[in-house]
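Protein chains: 2
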Amino acid sequence: MLDLIELLFFAYRNFVSDPDEILHGFGFGRAHHRVLHFVNRHPGMRVTDLLDILRITKQSLGRVLRELVDQGFIDSRAGASDRRQRLLYLTPKGEELTREFVAIQSRRIQRALEESGTDSRDLVRRFLVAMIDPEDRSPTEKLIARADQAVEARSLVRGPTAG
Amino acid sequence: MLDLIELLFFAYRNFVSDPDEILHGFGFGRAHHRVLHFVNRHPGMRVTDLLDILRITKQSLGRVLRELVDQGFIDSRAGASDRRQRLLYLTPKGEELTREFVAIQSRRIQRALEESGTDSRDLVRRFLVAMIDPEDRSPTEKLIARADQAVEARSLVRGPTAG
DNA sequence: CATTTATGTCAGCCATGTTGACTTTTTTCG
DNA sequence: CGAAAAAAGTCAACATGGCTGACATAAATG
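Residue numbers (the working numbering), protein chains in the order written: chain B, 15 to 177; chain G, 15 to 177.
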């Protein structure tokens with residue numbers, strides 16, 4: 015297993031370096047990437063939801079979130095039904111930036127799947143899920159499913175060719 | 015691909031948290047884990063080799079390496095043929111600690127491979143290699159091969175049942 | 001009205017990266 | 001031999017992104 019332990023290290027390092035380089039030009043770092051990524055996936059999410067996903071403290075998140083809001087990458091609106099909540103959305107500027115690193119990371123994964131063989135996607139997906147702590151798997155898969163459904167819903171509203 | 019991007023994040027986070035927890039008891043962190051891991055894999059490696067693998071600065075490495083040597087987890091001996099070199103070895107204490115996190119990470123991978131299906135190992139390995147930057151792949155695979163061969167050589171010297 | 005919840009903020013600390021400058025020891029090469 | 005290069009180590013200062021603890025405010029809830 016030692017080879018796979020190391021390959022995970024090397025692969026992940028390259029994988030996260032893609033967005034790192036893009037964000038470095040804006041004075042942002044890895045922490046900003048994560049925030050942008052999950053706000054993109056769950057538009058209108060609460061700050062608390064983001065804290066649960068990232069598993070960092072409010073203070074750590076607060077720092078990067080403030081920078082992203084101040085510089086116009088994220089919009090933070092009070093909730094309609096519960097006005098204590100701050101619901102997080104990407105601005106057009108934030109969407110544009112997010113598209114960049116989603117694209118580059120998707121390309122890397124796509125290439126790797128093609129090189130590793132036909133029908134590798136399902137197996138790789140199952141492997142990654144199984145690498146997650148058992149108690150976290152179901153919540154994680156539900157989170158991903160909810161995000162995917164929301165994308166689907168938005169694309170139906172805008173029409174099939176709008177995205 | 016968004017689901018795989020996120021699964022990589024969640025899977026890797028759990029994957030590295032295993033050794034993190036073990037090392038936290040010794041006042042060590044992620045940086046110490048990496049050093050111990052690669053010194054275990056390449057006993058007698060030079061400091062320069064380690065710098066090449068980790069891609070961090072001499073100063074960053076120096077800090078954690080000093081702690082590991084001072085506290086008796088790593089032995090640093092002058093090279094026989096080139097006495098400028100410091101060749102790095104795990105002490106018995108370092109070996110014991112290293113065995114712990116190799117074991118826990120191996121168990122996680124083993125479990126994930128079993129759950130993701132028969133013959134998943136080869137495909138997962140190919141996928142991980144293909145996730146690495148093309149120009150880094152060949153050096154990385156050679157590095158892993160050399161480490162595996164050295165393990166093989168050592169086990170032949172000590173006899174097949176010694177390990 | 002008291003309590004809880006969601007959020008934000010100040011202050012300070014820690015781990016681990018970075019740059020830049022410099023030293024010592026040893027090897028290599030013209 | 002002597003100059004240059006290589007391997008390693010060190011000092012100082014700084015950045016990023018984690019952390020704890022203590023509070024403050026607004027709004028919902030019972």
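By construction, the Cβ of each residue, glycine as well, lies at the ideal position given by its N, Cα and C atoms.
Since the model is a prediction, treat every value here as computed from it, not as a measurement.
Residue i to residue j, Cα distance in whole Å?
i, j, result
"GLN163/B", "PRO153/B", "15 Å"
"MET145/B", "ARG160/G", "27 Å"
"LEU65/G", "HIS47/G", "14 Å"
"ALA25/B", "GLN85/B", "32 Å"
"ARG113/B", "PRO57/G", "44 Å"
"ARG139/B", "PHE29/B", "16 Å"
"ASP147/B", "VAL78/B", "27 Å"
"ILE70/G", "GLY41/G", "21 Å"
"GLY108/B", "GLN99/B", "21 Å"
"GLY173/G", "ALA94/G", "26 Å"
"ASP34/B", "GLU110/B", "16 Å"
"ASP133/B", "ASP133/G", "13 Å"
"GLY76/B", "ASP96/B", "20 Å"
"GLY177/G", "ARG27/G", "Note that GLY177/G has pLDDT 46, beneath the 50 cutoff, so the model's placement of it is unreliable and no number is given."
"GLU81/B", "ILE158/B", "26 Å"
"VAL83/B", "ARG55/B", "17 Å"
"LYS156/G", "ASP150/G", "10 Å"
"GLU166/B", "LYS72/B", "31 Å"
"MET59/G", "PRO106/G", "17 Å"
"GLY39/G", "VAL171/B", "53 Å"
"GLN7/G", "ARG135/G", "Past the boundaries of the shown model lies residue 7/G; chain G is included only from 15 to 177, so the question cannot be answered."
Which of the three DSSP states, helix, strand or coil, is assigned to residue i?
i, result
"MET15/G", "coil"
"ALA167/B", "helix"
"SER95/B", "coil"
"ASP136/B", "helix"
"ARG121/G", "helix"
"ARG160/G", "helix"
"GLY177/G", "Here the model assigns GLY177/G a pLDDT of 46, short of 50, so the residue's position is not dependable and the matter cannot be decided."
"ARG48/B", "helix"
"ILE70/G", "coil"
"ILE146/B", "coil"
"ALA25/B", "helix"
"GLU20/G", "helix"
"PRO33/G", "helix"
For a quick check, are the C-beta atoms of residue i and residue j less than 9 Å apart?
i, j, result
"GLY119/G", "ILE67/B", "Note that residue 119/G corresponds to Gln in the displayed sequence, not to Gly. It is not a contact, given that the beta carbons lie outside the stated cut-off."
"SER90/G", "LEU104/G", "no"
"VAL116/G", "LEU127/B", "no"
"SER74/B", "ALA45/B", "yes"
How close, in whole Å, do the beta carbons of residue i and residue j come, if the pair is a contact with beta carbons under 8 Å?
i, j, result
"LEU142/G", "LEU142/B", "So it is not a contact: roughly 11 Å between Cβ atoms."
"LEU137/B", "SER169/G", "Not confirmed; about 31 Å, so no contact."
"LEU50/B", "GLY43/B", "Contact flag wrong, Cβ pair sits at about 11 Å."
"ASP63/B", "ARG122/B", "The Cβ separation is near 27 Å, so there is no contact."
"VAL61/G", "ILE88/G", "Not confirmed; about 11 Å, so no contact."
What residues from chain G crowd round residue i, counting only those whose CB sits closer than 7 Å?
i, result
"ILE36/B", "What ILE36/B touches in chain G: nothing, since even the nearest Cβ is about 14 Å away."
"VAL78/B", "Within chain G, no residue comes near VAL78/B; the closest Cβ sits about 16 Å away, beyond 7 Å."
"ILE88/B", "In chain order: nothing, as chain G lies at least about 18 Å away."
"ARG55/B", "LEU16"
Identify the contact partners of residue i in chain B, using a Cβ-Cβ distance below 7 Å as the criterion.
i, result
"SER130/G", "LEU137, ARG140, PHE141 and ALA144"
"GLU20/G", "ILE158"
"THR11/G", "Within the shown structure, residues of chain G are numbered from 15 to 177, placing residue 11/G beyond reach of any answer."
"SER134/G", "LEU137 and PHE141"
What does residue i reach in chain G if we use C-beta pairs closer than 9 Å?
i, result
"THR71/B", "Within 9 Å Cβ-Cβ: nothing; THR71/B doesn't reach chain G, min ~16 Å."
"ALA126/B", "ARG140, PHE141, LEU142, VAL143, ALA144, MET145 and ILE146"
"ASP162/B", "LEU16 and ASP17"
Quick one: does the C-beta of residue i sit closer than 8 Å to a heavy atom of the ligand MG?
i, result
"GLY58/G", "Among the components of this structure there are no ligands whatsoever, and the ligand MG is therefore not found."
Using a C-beta to C-beta distance shorter than 8 Å, which residues of chain B count as neighbours of residue i?
i, result
"SER120/G", "MET15, LEU16 and ILE19"
"PHE29/G", "LEU22 and MET145"
Using a cut-off of 9 Å between C-beta atoms, extract the partners of residue i located in chain B.
i, result
"VAL116/G", "MET15, LEU16 and ILE19"
"ASP150/G", "PHE24 and ASN28"
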